[in-house]
Amino acid sequence: MVDLKAREKWTGSADFLFSCIGYAIGLGNVWRFPYLCYQHGGAFLIPYYVTLICGGIPLFFLEVALGQYTSVGGLGIWKICPMFKGVGYAAAIIAFWLNCYYIVVLAWALYYVYNSITSSVLPWSTCNNWWNLESCRTLKQMRNYSSLMTCSPTQFNTNASMVACLQNVTDYLAQFTSPVKEFWERNALQITHDISEPGSLRTPLVITLGISWIACYFCIWKGVKWTGKVVYFTSMFPYLLLFILLVRGLTLEGAMDGIKYLFIPDLSKLRTSALWIEASTQIFFSYGLGLGALVALGSYNKYHKNCYRDTLILAAFNEGTCLISGFVIFSVIGFMAKTEGRKISEVADSGPGLAFVAYPAAVAQLPFAPFWSALFFIMIIFIGLDSQFVTMEGFVTACVDEWPILRRQKELFIAFACLMSYLIGLPTITQGGMYVFKILDYYSASGWCLLVLLFFECISVSWFYGANRFYEDIKDMIGFHPGRFWKWCWIVFTPLLCTSIAIFSLIEYEPVKYKTYQFPKWAEYVGWCIALSSILAIPIYAIALFARQTGSIKERWKKITTPTIDRNAARDDTDQETKQRMLVEHTTAMTNL
């Protein structure tokens, strides 16, 4: 028999909360939320908060409470309904894919930090570098061209002449490229023209990716007691940097124009399904739902911890961070639009382009630009790092709980998992790596497959295990029943929300693309294989488990849907302090006799 250590618990009462804050507040808060608000206008906040209340917070509470009650990771919790253990495997597979590519953003950010602190002038602010093209023009040069090529209404007799002049100016300026964009594409990425041209590995990114994985390993290698200490710094330090950047951003000329634009409502867009799809995927992805990480974090809680209160605190932190990030990003975007004489809609970009093109272009115009640039990318690193290592912790916890022999050599297993993820992630830092990154991001861990997983996760608890039974379990832990609203969300609203959005996302499906580049069909098929590698685990496991049972169909169904968890064992296993106190009291009483 394997000699196993007792399951670890968080050392401090706030360890769990800070870990959740660090995990849930990730890169999506910094670049995706502000961009979606910009893209859809202030109306985006309506479906965003509807999804948050009816789906995001209820699922967050469900996952944390499940982990705390069962005291096991994302695979072990399915003793509540064995048929759905495939959901746990699907979550572990999605977490694995996410671990392989999400950390690449940290590698990019480290590369930008290095270039910020090793030069007195930011290398993406000039056009006299080896990677620049002849068409490169700095912002100052572009402004000079714009001022020289004016189109005054008094010069023309017709509107057509005016339009033609403006078109000529636009076409003339379009032939030039910015040094920021050229640094991103021709220096950092050295991007090729096609996914079929992978090119060679980018040596600087190989190094920065390795550093990122080493940092991730040492954040979790000693277990949750060590991780609980690390997250106090990694989760709070970005807030200090975010506050500094917010103060600096609000003092810039044009900052308020950018912030106002962030919240301009366009209620007509509420009729478009794309708005609701993007709002829901932003909620589910930013909260890290369906990956097993929240279950793992909750499993290290003491049995009677008030996880309901912590859920509400975390939700407030997350939404506050989204709004502050929006202020930081769009104050700078407003400044950039003001100095360039362009509309805000022509300045912002999505995804990595917002963090690695728009923001660097803005800070390059500030005094002490290298300092502000380094500060911004250090913030990106810390925000991404705690999300990364908590996701890895969730994956490791699921594996260790499923195969307990790994617990004896957990440090070696974590090292092996980090090394394998590093090697699998290397294709994302080749010269054609951005195309690989885009496929993984589009198909593996967001969108349709995540919605399907969350649907089955929710109904397995509320329909099969029973929402009323789960409510009694929660009361046993925290001492009271939460409001009935959460029960109705688990039974009706959340499954309906996930189903509706998943169907709409399939109906309005568009193949993956990077900017204007259309991926070949074979790349799209690879993406769908990656997506199905997780989702197919749900029906395959259920069918296999059903086939292994004996008896009639009704008897087999009952066996695979009947909980096998011992409620008293779950309570006893998570309440070691009470057991120890009772043992001491019993021993003392026997001695006195």
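Numbered by the working numbering, the letters in the sequence shown go through residues 570 to 1162 in order.
From the three backbone atoms N, C-alpha and C, an ideal C-beta is built for every residue, glycine too.
Every value quoted in this text rests on a predicted model; they were computed, and no experiment measured them.
> CA-CA distance, Glu1079 and Gly857?
Replying inline: 24 angstroms
> Are Val641 and Asp970 touching if we call contact CB-CB under 8 angstroms?
Replying inline: yes
>> Between Ile1008 and Gly1096, how many whole angstroms is the CB-CB distance? I'm expecting something under 8 angstroms.
In response: 5 angstroms
> Of the choices Ala843, Thr908 and Tyr1012, whose alpha-carbon is the least far from that of Val932?
Replying inline: Thr908
>> Helix, strand or coil, according to DSSP, for Leu770 in the structure here?
In response: strand
>> Going by beta-carbon coordinates alone, are Thr620 and Ile852 separated by less than 8 angstroms?
In response: yes
> What is the residue span of the alpha helix (DSSP H) that Phe1062 lies within?
Replying inline: Taken as a continuous stretch (DSSP letters only), Phe1062 belongs to no alpha helix (DSSP H), as it is neither H nor E.
> Is the stretch 581-597 touching the stretch 790-802 in the sense that three or more CB pairs, one from each, lie closer than 8 angstroms?
Replying inline: yes
> Which residues does DSSP pair with Tyr1086 in a beta bridge?
Replying inline: Tyr1083
>> Based on DSSP bridge pairs, tell me the residues matched to Cys705.
In response: Thr746
> What's the C-alpha gap between Ile672 and Pro773?
Replying inline: 15 angstroms
>> For Ser710, tell me which candidate among Leu821, Pro748 and Gly636 has the shortest Cα-Cα distance.
In response: Checking the sequence shown, residue 710 turns out to be Gln, not Ser. Comparing Cα positions, the closest option is Pro748.
> Under 8 angstroms between the Cβ atoms of Phe904 and Glu1026?
Replying inline: no
> Do you know how far the Cα of Leu839 is from the Cα of Gly591?
Replying inline: 32 angstroms
>> Please tell me whether Gly859 and Ile663 are closer than 8 angstroms, where the distance is taken between their beta carbons.
In response: yes
>> Taking a contact to mean a Cβ-Cβ separation below 8 angstroms, would you say Lys924 touches Ile913 in this structure?
In response: Residue 924 is actually Ala in this sequence, not Lys. Against a cut-off of 8 angstroms, the Cβ pair of Ile913 and Ala924 comes out as no contact.
> Which term fits Ser765, buried or exposed, when burial requires 16 or more other beta carbons within 10 angstroms of its beta carbon?
Replying inline: exposed
> What distance in whole Å lies between the Cβ atoms of Ile998 and Arg771, which are believed to be in contact at a cut-off of 8 angstroms?
Replying inline: 5 angstroms
> If you scan the stretch 855-910 from start to end, which runs of the alpha helix (DSSP H) of 4 or more residues do you find wholly inside it?
Replying inline: 862-868 and 876-909
>> For Ile1028, tell me which candidate among Pro627, Thr580, Ile893 and Val901 has the shortest Cα-Cα distance.
In response: Pro627
> alpha helix (DSSP H) containing Gln1118: first to last residue?
Replying inline: No alpha helix (DSSP H) holds Gln1118; DSSP gives it neither H nor E.
> Based on the DSSP output, what are the partners of Thr960 in its beta bridges?
Replying inline: DSSP output for Thr960 lists no bridge partner at all.
> Less than 8 angstroms separating the beta-carbons of Gly895 and Tyr670?
Replying inline: no
> How is Thr777 classed by DSSP in three states: helix, strand or coil?
Replying inline: helix
> Does the beta-carbon distance from Gly818 to Val897 come in below 8 angstroms?
Replying inline: yes
> Would a C-beta distance cut-off of 8 angstroms place Thr761 and Gln1087 closer than the cut-off?
Replying inline: no
> Which residues mark the beginning and the end of the alpha helix (DSSP H) in which Gly611 is found?
Replying inline: Where Gly611 is concerned, there is no enclosing alpha helix (DSSP H), given that its DSSP letter is neither H nor E.
> Exposed or buried, what is Phe1006 when buried is set at 16 or more other beta-carbons lying within 10 Å of its beta-carbon?
Replying inline: buried
> With distances taken from CA atoms, which of Asp826, Ser1074 and Lys874 is nearest Tyr1011?
Replying inline: Ser1074
> Just how far apart, CA to CA, sit Trp579 and Ala676?
Replying inline: 30 angstroms
>> My assumption, with CB atoms under 8 angstroms, is that Leu778 sits in contact with Tyr991. Please give the rounded CB distance.
In response: 7 angstroms
> Around the C-beta of Arg1117, are 16 or more other C-beta atoms found within 10 angstroms, so that it is buried, or is it exposed?
Replying inline: exposed
>> Given a cut-off of 8 angstroms on the beta-carbon distance, is the pair Trp1059 and Ala1092 in contact?
In response: no
> Hey, Phe602 and Cys891 are a contact pair by Cβ (cut 8 angstroms); roughly how many whole angstroms apart?
Replying inline: 5 angstroms
> Ends of the alpha helix (DSSP H) at Val1005?
Replying inline: Gly1002 to Tyr1012
> If you run the structure through DSSP and keep just helix, strand and coil, what is Thr999?
Replying inline: strand
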